[in-house]
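Participant: If you scroll down you'll find the structure; I have some questions about it.
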Amino acid sequence: KADAVDVKTGKLAATPDIKPSSLSRLIQAQAELAPWFDKPLDANGLTIEGVAVFDHRLFAGMRGPVLDDGSAVMLSAPLTAIFDGQVGESKLHRANLGKDTAGKPRGIRDIVVYRGAFLLIAGPVSDPPSGDIKPADYAIFRYDGAVASKLLDLDPYGNAVKPEALLPLEEKD
Numbered sequence: 005k006a007d008a009v010d011v012k013t014g015k016l017a018a019t020p021d022i023k024p025s026s027l028s029r030l031i032q033a034q035a036e037l038a039p040w041f042d043k044p045l046d047a048n049g050l051t052i053e054g055v056a057v058f059d060h061r062l063f064a065g066m067r068g069p070v071l072d073d074g075s076a077v078m079l080s081a082p083l084t085a086i087f088d089g090q091v092g093e094s095k096l097h098r099a100n101l102g103k104d105t106a107g108k109p110r111g112i113r114d115i116v117v118y119r120g121a122f123l124l125i126a127g128p129v130s131d132p133p134s135g136d137i138k139p140a141d142y143a144i145f146r147y148d149g150a151v152a153s154k155l156l157d158l159d160p161y162g163n164a165v166k167p168e169a170l171l172p173l174e175e176k177d
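Anchor point for the sequence shown: position 13 equals 17 in this note's numbering, and the numbering is continuous, going up by one each time.
Here it is as structure tokens:
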């Protein structure tokens, strides 16, 4: 409900009408994702770390699993299929995001829609045990729905400080 939140205080003014989504059902219906559902992250389990909406579809970017061929994955589905229970086809998107400095394939750490494509933060599925982040463990990619192109390797900011979100603020040459 639009009036469930007081716009001045930000506090709940009424009981919100919360409906469960169908996202977990759509994930489990994907043969390549179902085996990873309810597995822990340290076992390459399914973990959604980025969500974006584009063209009336929700895109869920996954840190894990990284599939056997090294692809990171996003699942997209119509918003109406996720939130209104309507029929709609979900689609699995694969993106090769390269490997970190330990030779492990990267998953998706965040996604944002930008100029008709996605910008992705790519990083290791499991953080290094020592917490020692190295240059190029994380990178920013542009993904157009078919091909992921690396834009920038990211430098670390000390041990254990990881890029977790992407927010374009302005453009410069």
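The beta-carbon is built from N, C-alpha and C at its ideal position, and this holds for glycine as well.
In this structure, does DSSP put Thr19 in helix, strand or coil?
Facilitator: For the purposes of this step, residue 19 is taken as the residue at position 15 of the sequence shown. Reduced to three states, the DSSP call for Thr19 is coil.
Participant: Does the beta carbon of Phe63 come closer than 8 Å to any beta carbon on chain D?
Facilitator: Of the protein chains in this structure there is only one, and it is not chain D.
Participant: Note down, in chain order, each residue of its chain lying with its Cβ closer than 8 Å to the Cβ of Ala33, except the 5 sequence neighbours on either side.
Facilitator: Within the sequence shown, the letter at position 29 stands for residue 33. Here the set comprises Ser94.
Participant: How many Å lie between Gly68 and Thr13 at the Cα?
Facilitator: Taking the first residue of the sequence shown as 1, we reach residue 68 at position 64. Taking the first residue of the sequence shown as 1, we reach residue 13 at position 9. Roughly 38 Å between the two C-alpha positions.
Participant: Have a look at Pro160 and Lys103 and give me their C-alpha separation to the nearest angstrom.
Facilitator: Sequence index remark: in the sequence shown, residue 160 carries index 156 (1-based). Sequence index remark: in the sequence shown, residue 103 carries index 99 (1-based). Looking at the two C-alpha atoms, the distance is approximately 16 Å.
Participant: To which residues of the same chain is Gly127 closer than 6 Å at the C-beta, ignoring the five residues directly before and after it?
Facilitator: Translated into the one-based positions of the sequence shown, residue 127 becomes position 123. Closer than 6 Å at Cβ, skipping near neighbours: Arg110, Arg113, Tyr142.
Participant: If you run the structure through DSSP and keep just helix, strand and coil, what is Ile137?
Facilitator: Walking along the sequence shown from the start, residue 137 turns up at place 133. Ile137: coil per DSSP, three-state reduction.
Participant: Are the Cβ atoms of Val55 and Leu45 separated by less than 8 Å?
Facilitator: Along the sequence shown, one-based indexing puts residue 55 at 51. Along the sequence shown, one-based indexing puts residue 45 at 41. Cβ atoms of Val55 and Leu45: not closer than 8 Å.
Participant: On a CA-only basis, which of Pro133, Lys43, Phe41, Val57 is nearest Leu123? Give me that one, please.
Facilitator: As a first step, residue 123 must be located in the sequence shown, where it is residue number 119. Comparing Cα-Cα distances from Leu123 to each of Pro133, Lys43, Phe41, Val57, the minimum goes to Val57.
Participant: Check whether the Cβ atoms of Lys108 and Asp131 sit closer than 8 Å, and answer yes or no.
Facilitator: Counting from one through the sequence shown, the residue named residue 108 turns up at place 104. Counting from one through the sequence shown, the residue named residue 131 turns up at place 127. Cβ distance not < 8 Å, so Lys108 and Asp131 don't count as in contact.
Participant: Let's see if you can read the secondary structure: which residues bound the alpha helix (DSSP H) around Leu83?
Facilitator: In the sequence shown, residue 83 corresponds to position 79, counting from 1. Run containing Leu83: 83 to 87, per the alpha helix (DSSP H) assignment.
Participant: Using the three-state DSSP reduction, which class does Ser94 fall into: helix, strand or coil?
Facilitator: Translated into the one-based positions of the sequence shown, residue 94 becomes position 90. DSSP places Ser94 in coil when its eight states are reduced to three.
Participant: Are the Cβ atoms of Leu170 and Val116 separated by less than 8 Å?
Facilitator: In the sequence shown, residue 170 corresponds to position 166, counting from 1. In the sequence shown, residue 116 corresponds to position 112, counting from 1. Against a cut-off of 8 Å, the Cβ pair of Val116 and Leu170 comes out as a contact.
Participant: According to the neighbour-count rule (16 or more other Cβ atoms, all chains shown, within 10 Å of its Cβ), is Glu168 buried or exposed?
Facilitator: Position 164 of the sequence shown, counting from 1, holds the residue named residue 168. Its Cβ having fewer than 16 others within 10 Å, Glu168 is exposed.
Participant: Locate the beta strand (DSSP E) running through Arg110, then write down its first and last residues.
Facilitator: Here residue 110 corresponds to residue number 106 of the sequence shown, with the count starting at 1. It spans 110 to 118 - the beta strand (DSSP E) in which Arg110 sits, taken as one unbroken run.
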